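Right, one structure below, let's go through it.
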Amino acid sequence: MAGAIRVKQLFVCSSILANNNNKSLLRLPRRSINVIAGNLSSSEMKKKEKEKRKRRKEIEVSKATAEAVVNKEKRRTRSSREYEIADGGELPSSHVPVLIGEVIDVFSSVRLRSFVDCTLGAAGHSSSIIQSHSELKHFVGMDVDPVARKLGQFHIDSLMHPTLKASVVLKNFKYIKSAIAATHPELLDVGVDGILMDLGMSSMQVNNPERGFSVLQEGPLDMRMDPQATLKAEDIVNSWPESELGRVLRDYGEESNWYLLQNRIVKARLNGGLHSTGELVDLIRGMSPPSRGGRQGWIKTATRVFQGLRIAVNDELKTLQNSLHSSFDVLSPGGRLAVISFHSLEDRVVKQTFLEMLGFQREEANTEVCVKPEKQVEESIDKELKEKEAWIKQTVISSKGVILTKRPITPSEEEEKLNRRARSAKLRVIQKL
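Here the sequence shown stands for residues 35 to 467, numbered as in this note's numbering.
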């Protein structure tokens, strides 16, 4: 039937040519004209059209990629600061604090008489802060990890001077108020001038297989930041209800194949469950697609799964939200809180909580329903900040405080090249009025 139709079409076209009816010829599809003229065979025409579709698709993908890059740049402020690393003491070579220069800039214009590092680690950031601010009288370092606390204490002790009172405590940063009350109670009355949270995993934790944080090393399914805590990743994998396990993989791990993973993990319980990082990684590798783009696809999936389990084990997002409120409460007028996050869930919590603390009820700062200063006062504050500090680009102001980073600051291209761990870092800063 199709062949008969094609013969009929060619016959009609031949008739048109014979009658020299050029107007009718122009109304024919280009493909028919080319076939009539003998320029292209039907198979060649199909091949040409296929190539055109392929080129159009490549152009569309290229445009979409370019738009994504532009949109990403619009949502952040890439640092133009020259990259530098902390020079305070001998830090472990594997531990390089991220955005160290940018953190120094954040507090450079503040008369920093008191400072709290909520995630002390190896004291990379704090060492630079102490060296940069001779006026510093009170320092509190906090860490929930006893190994990190011991190392941080060592570096802080090496920077002590007669006028500095420093305390390093083994506590989660959600207990910032009680930590200050126990060590520097006078600060609860006058407030703290500077507070820092670096939410990234320390190299000491990742590189220790016994902690269970690494997808590349064999170890127990632990993932506790606080070794004294009772809940482990192993408990979630082997004991939590199927729906809760799926929620962890979907909401905390941001894993698109969460349902399939959930079923595979639950099925593994019938054979004794999963009790090591290696067993969980083997399960993930067994269901991951072949490598693409030169990197094994299973590593990205495993990283997301481990992230989800770690967040659930340590209740990280709720702890972060509560800690941000507590930290803002203890700031002095003019004091600043700086937070470095490393994945979208953390950054979203920081962004939304900052807005809530200023009285905004919605995520977007442009739809504010909070009490703001008069326009002239607001413009004056904004102008004064930007004139004094070049790193401040866009602000969000209310009567309670100022978000100094409407768009987060991200590492310079140089830092991203030299420190792979810094690529996903985002710095947000809020100042109390």
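Beta carbons are placed, not taken as given, at the ideal position from N, Cα and C, and that holds for glycine.
Predicted model, so just to flag it, every value in this text is computed and none were measured.
Between the Cα of residue i and the Cα atoms of the options, which residue gives the shortest distance?
{"i": "Glu390", "options": "Leu193, Phe376, Leu230 and Leu358", "result": "Leu358"}
{"i": "Arg454", "options": "Arg382, Glu92 and Pro131", "result": "Pro131"}
{"i": "Ile19", "options": "Gly234, Lys80 and Arg145", "result": "For the chain, the structure presents residues 35 to 467; residue 19 sits outside this window and is missing."}
{"i": "Phe376", "options": "Ala456, Glu136 and Val226", "result": "Ala456"}
{"i": "Val150", "options": "Gly393, Phe340, Leu279 and Met231", "result": "Met231"}
{"i": "Val373", "options": "Val181, Lys80 and Val463", "result": "Val463"}
{"i": "Phe340", "options": "Gly175, Gly253 and Glu412", "result": "Gly253"}
{"i": "Ser248", "options": "Gln187, Gly280 and Thr311", "result": "Thr311"}
{"i": "Glu268", "options": "Arg281, Lys301, Leu314 and Asp285", "result": "Leu314"}
{"i": "Leu371", "options": "Glu94, Cys152 and Thr335", "result": "Cys152"}
{"i": "Ile270", "options": "Leu250, Ser77, Ala346 and Trp292", "result": "Ala346"}
{"i": "Asn242", "options": "Ala263, Val181 and Gln355", "result": "Val181"}
{"i": "Thr335", "options": "Gly225, Gly287, Ser378 and Ser432", "result": "Gly287"}
{"i": "Val140", "options": "Gln428, Glu423, Pro445 and Glu220", "result": "Glu423"}
{"i": "Ser201", "options": "Ser166, Met176, Val224 and Leu222", "result": "Met176"}
{"i": "Ala213", "options": "His172, Glu449 and Phe394", "result": "His172"}
{"i": "Ile219", "options": "Lys199, Phe207 and Ile93", "result": "The displayed chain sequence assigns Pro, not Ile, to residue 219. For Pro219, the nearest C-alpha among the options comes from Lys199."}
{"i": "Arg338", "options": "Val203, Asp416, Asn291 and Gly186", "result": "Asn291"}
{"i": "Leu392", "options": "Lys427, Leu379, Ile431 and Asp416", "result": "Ile431"}
{"i": "Leu419", "options": "Lys208, Glu85 and Ser143", "result": "Ser143"}
{"i": "Ser273", "options": "Gln262, Ala302 and Leu250", "result": "Ala302"}
{"i": "Gln239", "options": "Phe207, Asp191, Leu185 and Gly280", "result": "Leu185"}
Taking DSSP as the reference, what is the three-state secondary structure of residue i?
{"i": "Ser366", "result": "strand"}
{"i": "Gln428", "result": "coil"}
{"i": "Ser166", "result": "helix"}
{"i": "Ser8", "result": "There is no way to answer for residue 8, as the model of the chain reaches only from 35 to 467."}
{"i": "Pro254", "result": "strand"}
{"i": "Ser458", "result": "coil"}
{"i": "Glu450", "result": "helix"}
{"i": "Pro126", "result": "With a pLDDT of only 44 at Pro126, under the threshold of 50, the placement of this residue in the model should not be trusted; the figure read from the coordinates follows. In this structure, Pro126 counts as coil in the three-state DSSP scheme."}
{"i": "Met391", "result": "helix"}
{"i": "Asp260", "result": "coil"}
{"i": "Val132", "result": "coil"}
{"i": "Leu60", "result": "Only weak support is given to the placement of Leu60: the predicted model assigns it a pLDDT of 48, under 50, and the value that follows is read from those uncertain coordinates. In this structure, Leu60 counts as helix in the three-state DSSP scheme."}
{"i": "Leu317", "result": "helix"}
{"i": "Glu220", "result": "coil"}
{"i": "Leu265", "result": "coil"}
{"i": "Ala346", "result": "helix"}
{"i": "Trp292", "result": "helix"}
{"i": "Val144", "result": "coil"}
{"i": "Thr197", "result": "coil"}
{"i": "Glu402", "result": "Its pLDDT being 48, under 50, Glu402 is placed unreliably by the model, and nothing is read from it."}
{"i": "His377", "result": "coil"}
{"i": "Glu423", "result": "coil"}
{"i": "Pro275", "result": "coil"}
{"i": "Gly225", "result": "coil"}
{"i": "Ser361", "result": "helix"}
{"i": "Ala156", "result": "coil"}
{"i": "Ser469", "result": "With the chain covering only 35 through 467, there is no way to say anything about residue 469."}
{"i": "Gly328", "result": "At Gly328, the pLDDT of 45 sits below 50, so the modelled position is not reliable; the number obtained from the coordinates is stated separately. Three-state DSSP puts Gly328 in coil, outside helix and strand."}
Rounded to whole angstroms, how far is the Cβ of residue i from the Cβ of residue j, which I believe are closer than 8 Å?
{"i": "Arg147", "j": "Glu169", "result": "6 Å"}
{"i": "Met295", "j": "Leu283", "result": "One point to set straight first is that residue 295 is Leu, not Met, in the sequence displayed. Yes, they are in contact, since the Cβ atoms of Leu295 and Leu283 sit about 6 Å apart, within 8 Å."}
{"i": "Thr217", "j": "Val174", "result": "6 Å"}
{"i": "Leu317", "j": "Arg344", "result": "Going by Cβ atoms, the distance from Leu317 to Arg344 rounds to 17 Å, so no, they are not a contact pair."}
{"i": "Ser360", "j": "Ile138", "result": "About 25 Å separates the two Cβ atoms, so there is no contact after all."}
{"i": "Glu278", "j": "Val300", "result": "That pair is no contact at about 11 Å."}
{"i": "Lys466", "j": "Gly368", "result": "7 Å"}
{"i": "His189", "j": "Ser166", "result": "Going by Cβ atoms, the distance from His189 to Ser166 rounds to 15 Å, so no, they are not a contact pair."}
{"i": "Arg245", "j": "Asp256", "result": "6 Å"}
{"i": "Pro442", "j": "Ser113", "result": "With a Cβ gap of about 10 Å, Pro442 and Ser113 do not count as contacting."}
{"i": "Val224", "j": "Val364", "result": "Going by Cβ atoms, the distance from Val224 to Val364 rounds to 10 Å, so no, they are not a contact pair."}
{"i": "Lys417", "j": "Thr111", "result": "The pair is not a contact, with the Cβ atoms about 18 Å apart (cut-off 8 Å)."}
Which partner residues does residue i have in the DSSP bridge list?
{"i": "Ala372", "result": "Leu230 and Val463"}
{"i": "Gly175", "result": "Asp151 and Val202"}
{"i": "Val511", "result": "Nothing in the structure corresponds to residue 511, since the chain is present only between 35 and 467."}
{"i": "Arg245", "result": "Arg245 pairs with nothing; no bridge assigned."}
{"i": "Arg112", "result": "Thr444"}
{"i": "Ser192", "result": "Bridge partners of Ser192: none, in fact."}
{"i": "Ser310", "result": "Pro254"}
At a Cβ threshold of 7 Å, is residue i touching chain C?
{"i": "Leu389", "result": "Protein chains in the displayed structure number just one, and chain C is not present."}
Counting Cβ pairs, one atom from each stretch, are 3 or more of them under 8 Å apart for the region 347-355 and the region 303-322?
-> The answer is no - the region 303-322 does not touch the region 347-355, with fewer than three Cβ pairs under 8 Å.
Segment contact flag, the region 436-450 with the region 150-166, C-beta cutoff 8 Å, min 3 pairs = Under the Cβ criterion (8 Å, minimum of three pairs), the region 436-450 does not count as touching the region 150-166.
Three-pair Cβ contact test at 8 Å for the region 186-205 versus the region 229-249 | Contact between the region 186-205 and the region 229-249 is absent, because fewer than three Cβ pairs lie under 8 Å.
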